Amino acid sequence: GLRHTIMPIVAMILIPICARENKLGILAAIILGITTLALSMIHVIYMLITTIPGFESQLFGPIIWSVFQIPIILFGYKAYRE
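When the count follows this note's numbering, it moves up by one through the sequence shown with no breaks and lands on 1469 for the last residue.
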């Protein structure tokens, strides 16, 4: 839905801000990563609970999005602490 449009746009805006090592931008990237991870995992859990026909093929995208967020959160936190 709409999160597939908003999240990448926000991420693209945050890239140059984080490249300048702006603490607020890094914190915003961490929050965006946590939000994306939470929404993706909620979607995966929902699909596992409802078990709609063909849901197995629809799990790949949210799981990959979740995996991508882990380094963003971890490295963002490391950069924020420095």
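Heads up, the beta-carbon is just placed ideally off N, CA and C, and yes, glycines get one too.
Just so you know, these numbers come straight off a predicted model, no measurement behind them.
For GLU1443, the uninterrupted alpha helix (DSSP H) segment begins and ends at 1442 to 1445.
Looking from the CA of ILE1393, the closest CA among LYS1410, THR1423 and GLU1469 belongs to THR1423. The alpha-carbon of ILE1460 is positioned some 25 angstroms away from that of LEU1435. Secondary structure note for ILE1417: its alpha helix (DSSP H) is the uninterrupted segment 1410 to 1437.
Taking 8 angstroms as the cut-off, the Cβ atoms of ILE1418 and GLY1412 do not count as close. Rounded to the nearest angstrom, the Cβ distance from VAL1431 to ILE1450 is 6 angstroms, consistent with a contact under 8 angstroms.
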